[in-house]
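In what follows, a single structure is set out as C-alpha cells and then discussed.
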Amino acid sequence: MKIKFLLLLSFLSVSIIASAQIHKGAVMIGGYLSYSTHKSETNDTKTHAFNISPGAGIAVRDNLILGVDVLYHNALSDYGQGSKNEMNGFGGGVFLRKYAVIAKKFYLFGQGRIGTTFFDEEQNSISNAYKVKTTNINLSAYPGVAYSITPKLLLEAGFPDLLYAGYTSRKVTGTSNDKTTGFQVATSLSSGTPLSIGMRVLLNRR
287 MKIKFLLLLS FLSVSIIASA QIHKGAVMIG GYLSYSTHKS ETNDTKTHAF
337 NISPGAGIAV RDNLILGVDV LYHNALSDYG QGSKNEMNGF GGGVFLRKYA
387 VIAKKFYLFG QGRIGTTFFD EEQNSISNAY KVKTTNINLS AYPGVAYSIT
437 PKLLLEAGFP DLLYAGYTSR KVTGTSNDKT TGFQVATSLS SGTPLSIGMR
487 VLLNRR
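Our numbering applies: residue 287 is where the sequence shown begins, and numbers increase by one.
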C-alpha cells in the first residue's frame, strides 16, 4: 500500500511538472509600465517619471526564453521660478530567461540581459543651463518568481538588475563642458531596489 501511495505521488508530481512546462516554440510577450509623481513638502519641486518597456521572446527550449525588449524613460523635475530638469531615455536589449517549475502554477526564473540605453538630459535655470548626453552599455542578471494565473498569463515579481556591470559615457555641454567615461559593477541590494511586478502572456502555449 505504501509503495502504491509513493508511486501515485510520483506520478502526480511528474504530471504537474509536465503540464506546467513552457514548451519549445511558445511565444511570450509582456513588460512593464510605470508612472510616479512627487511634490516636495519643503519647496516647490514637483517630479514626474514615466517608464515603459515592452518585450517579446520565444521558447528555444522547454522553459528557456530568448527575446528582445525596448524601453523609454521620461522624468521631469520642476523647481519653480522657471527652473527645471528633464531627462529622456530610450534603448533596448537581448535577454535569456530560464524558468524552473517548483509547484503547480509556480516558477522560479533567472534572467540575463545585455543592452544599451541613451539619455538626453537638459537643465534650465536662471543661473545654470546645461545639456548632458549619456550612453550606457550594460550586462545584468536577476532572479524572480512567477505564478500562472491562467495557462497563458503569468504574474511575475523579481529584483531588477540584482547584478549589474556597465560602461557609461557622459558628455556635458553648456555652462561647463566636460566628458567622462567609467565602468561600474554593482548590486541593487545595496541601493534597496524594491521588487518589480510584471505580466507575461504566452500566445501559443499548449
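For each residue, glycine too, the CB sits at the ideal point set by N, CA and C.
7 Å Cβ cutoff met for residue 445 and residue 428: Residue numbering aside, residue 445 sits at position 159 when the sequence shown is read from its first letter. Residue numbering aside, residue 428 sits at position 142 when the sequence shown is read from its first letter. It is a contact, given that the beta carbons lie within the stated cut-off.
Under 7 Å between the Cβ atoms of residue 421 and residue 462? The residue you call residue 421 lines up with position 135 of the sequence shown. The residue you call residue 462 lines up with position 176 of the sequence shown. Between residue 421 and residue 462, the C-beta spacing is not below 7 Å.
Express the C-alpha separation of residue 393 and residue 435 in angstroms, rounding to a whole number. Taking the sequence shown and counting its residues from 1, one reaches residue 435 at position 149. Taking the sequence shown and counting its residues from 1, one reaches residue 393 at position 107. Take the alpha-carbon of residue 435 and the one of residue 393: they are about 12 Å apart.
Of all the beta strand (DSSP E) runs that stay within the bounds of the segment 390-419, which reach a length of 3 or more residues? With a minimum length of 3 residues, the continuous beta strand (DSSP E) runs that stay inside the segment 390-419 are 392-410.
Return the chain-ordered list of same chain residues with a C-beta closer than 6 Å to the C-beta of residue 291, the five sequence neighbours on each side being excluded. Residue numbering aside, residue 291 sits at position 5 when the sequence shown is read from its first letter. Any reading at residue 291 needs caution, since the residue's pLDDT is 36, under 50, leaving its predicted position unreliable; the model's value is listed next. Once the five neighbours on either side are set aside, residue 291 has no close Cβ partner at all.
Enclosing beta strand (DSSP E) for residue 470 [first to last residue]: Mapped onto the sequence shown, residue 470 falls at position 184. Secondary structure note for residue 470: its beta strand (DSSP E) is the uninterrupted segment 464-473.
Closest Cα partner of residue 426 within the set 310, 397, 465 and 335: Residue 426 sits at position 140 when you count from the first residue of the sequence shown. Of all alpha-carbon atoms in 310, 397, 465 and 335, the one lying nearest the alpha-carbon of residue 426 is that of 397.
Roughly how far, in whole angstroms, is the beta-carbon of residue 450 from the beta-carbon of residue 473, given that I think they are within contact range, below 8 Å? Numbered from 1 along the sequence shown, position 164 holds the residue referred to as residue 450. Numbered from 1 along the sequence shown, position 187 holds the residue referred to as residue 473. Contact holds; Cβ gap of about 7 Å.
Find the nearest neighbour of residue 378 within the set 419, 485 and 341, judged by alpha-carbon distance. As a working note, residue 378 is residue 92 in the sequence shown. The candidate whose alpha carbon is nearest that of residue 378 is 341.
Around the C-beta of residue 283, are 16 or more other C-beta atoms found within 10 angstroms, so that it is buried, or is it exposed? The requested residue 283 does not occur in the structure, where the chain is confined to residues 287 to 492.
Endpoints, the beta strand (DSSP E) within which residue 461 is located: Stepping through the sequence shown from its first residue, residue 461 is reached at position 175. Note, residue 461: premise wrong, no beta strand (DSSP E); not H, not E.
Out of 352, 360 and 348, which has the shortest C-alpha to C-alpha gap to residue 323? Here residue 323 refers to the residue found at position 37 when the sequence shown is read from its first residue. Among 352, 360 and 348, the Cα nearest to that of residue 323 belongs to 360.
Would you say residue 485 and residue 343 are within 7 Å of each other, going by their C-beta atoms? To locate residue 485, count along the sequence shown from 1; it is residue 199. To locate residue 343, count along the sequence shown from 1; it is residue 57. Taking 7 Å as the Cβ cut-off, residue 485 and residue 343 do not qualify as a contacting pair.
List in chain order: all unbroken beta strand (DSSP E) runs of 3+ residues lying wholly within the segment 302-342. For the beta strand (DSSP E) assignment, the uninterrupted runs of no fewer than 3 residues enclosed by the segment 302-342 are, from N- to C-terminal side, 313-325.
Selection from 441, 415, 459 and 357 that minimises the alpha carbon distance to residue 314: Taking the sequence shown and counting its residues from 1, the one referred to as residue 314 is at position 28. A check of alpha carbon separations from residue 314 across 441, 415, 459 and 357 identifies 441 as the nearest.
Looking only at DSSP bridge pairs, what is residue 424 linked to? Looking up residue 424 in the sequence shown gives position 138. Under DSSP, residue 424 forms a beta bridge with 401 and 452.
Mind checking whether residue 357 and residue 372 have CB atoms under 7 Å apart? Start at 1 with the first residue of the sequence shown, and residue 357 comes out as number 71. Start at 1 with the first residue of the sequence shown, and residue 372 comes out as number 86. No, the pair does not count as a contact, with Cβ atoms beyond the cut-off.
Does DSSP classify residue 290 as helix, strand or coil? For the purposes of this step, residue 290 is taken as residue 4 along the sequence shown, with counting starting at 1. Here the model assigns residue 290 a pLDDT of 42, short of 50, so the residue's position is not dependable, and the following value carries that caveat. Correct three-state label for residue 290: helix.
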